[in-house]
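Using the working numbering, the first residue of the sequence shown is number 220, and each one after it goes up by one.
I have placed the structure first, in the form of structure tokens, so that the comments after it can refer back to it.
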Amino acid sequence: MSQALAATGPAAGPQAELVLDGDLERPARLTVSDLLAWPQHAAQVTFECATSGVRHHRFTGPLLHDVLTDAGPAFDPARRKDRLRFLIAVRGTDGHHTLLSWAEIDPDFGRAPVLLAVALDGTPLGSTGTQLVLPQDRCGGRYVSGVEAIRVHGGYRAW
Ligand SMILES: Nc1nc2c(c(=O)[nH]1)N[C@H]1C(S)=C(S)[C@@H](COP(=O)(O)O)O[C@H]1N2
Ligand SMILES: [Mo]
């Protein structure tokens with residue numbers, strides 16, 4: 220079995236797709252296999268769920284920042300402050316969704332090592348879809364599973 224198949228699951232069954240859109244120069248549709256094209260990172264995480272208690276998991280996958288950067292967010296790369304109004308919305312197939320700020324994952328600002336997982340505890344996520352992984356979060360609420368859409372918003376203005 221190829222490395223890509225081993226990481227994303229058996230060829231049988233449809234592969235879940237993730238749509239990247241919004242203020243991007245190169246919107247994209249990606250399967251979990253496609254996410255193997257970026258450098259892979261591992262995270263051993265512990266989080267607490269308000270209803271089911273403490274969970275421990277190991278995830279692997281690319282950095283959200285690497286994947287979104289390649290989609291060409293519509294800011295001026297030479298001006299760091301231009302990135303501060305950008306938001307990232309992440310939605311699962313069940314409608315569960317969360318917002319992140321671009322600055323939170325940007326290496327020049329919050330540097331949160333947020334992943335788009337291709338595997339959870341060694342189980343490939345090809346058919347269920349990628350899962351958002353926030354190793355620094357104490358609560359599991361933002362670990363959105365079955366991610367089907369990520370939308371980058373560049374025009375946020377509070378005032
Ligand atoms: N798509 C989706 N992802 C989700 C949720 C959800 O309702 N839908 N719940 C979150 C919450 S509240 C927690 S605590 C974790 C639970 O992760 P676990 O099932 O691995 O314990 O998933 C998160 N991801
Ligand atoms: Mo939870």
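Note that the Cβ used here is the ideal one computed from N, Cα and C, for glycine as well.
H260: first and last residue of the uninterrupted beta strand (DSSP E) it sits in: Annotation for H260: the continuous beta strand (DSSP E) segment containing it runs 260 to 268.
Would V392 pass as a contact of P343 if the rule is Cβ separation under 8 Å? This structure leaves residue 392 out entirely; the chain is present only between 220 and 378.
With DSSP collapsed to three states, give me the class of R330. Of the three classes helix, strand and coil, the one that applies to R330 here is coil, per DSSP.
Does the distance from the C-beta atom of A256 to that of F278 stay below 8 Å? When the beta-carbon positions are compared, A256 and F278 stay at least 8 Å from each other.
Taking 8 Å as the threshold (beta carbon to beta carbon), is L351 in contact with chain C? Any reference to chain C falls outside this structure, which holds one protein chain only.
Assess, as a yes-or-no matter, whether the segment 274 to 291 is touched by the segment 316 to 331 under the definition of 3 or more beta carbon pairs within less than 8 Å. Inter-segment contact for the segment 316 to 331 and the segment 274 to 291 is present: three or more beta-carbon pairs are separated by less than 8 Å.
If you check the beta carbons only, do Q259 and S346 fall under 8 Å apart? Going by C-beta atoms, Q259 is not nearer than 8 Å to S346.
Just checking, does the segment 264 to 271 make contact with the segment 348 to 363 on the three C-beta pairs under 8 Å criterion? The answer is yes - the segment 348 to 363 touches the segment 264 to 271, with three or more Cβ pairs under 8 Å.
Is it right to say P281 is buried, meaning 16 or more other beta carbons lie within 10 angstroms of its own, or is it exposed? By the neighbour-count rule (16 or more Cβ atoms within 10 Å), P281 is buried.
Of all residues in the structure, which have a C-beta closer than 6 Å to any heavy atom of ligand 2, taken in chain order? Cβ atoms closer than 6 Å to ligand 2 belong to C268, A269, T270, G359, G360.
Go ahead and label M220 buried or exposed: buried means 16 or more other beta carbons lie within 10 angstroms of its beta carbon, across all protein chains shown. Bear in mind that the predicted position of M220 carries a pLDDT of just 43, short of 50, making it unreliable; the figure below should be weighed with that in mind. Its Cβ having fewer than 16 others within 10 Å, M220 is exposed.
Do you know how far the Cα of R302 is from the Cα of D295? Those two C-alpha atoms are separated by around 8 Å.
Whose C-alpha, out of G329, A331, A308, is nearest the C-alpha of G373? For the residues G329, A331, A308, the minimum Cα distance to G373 belongs to A308.
State the CB to CB distance for the pair F305 and V264, rounded to an integer number of angstroms; the pair is presumed to be in contact (CB under 8 Å). In fact, because the Cβ distance is near 25 Å, the residues do not count as touching under 8 Å.
Bridge partners for D203 per DSSP, in chain order? The question about residue 203 has no answer, for the chain in this structure spans 220 to 378.
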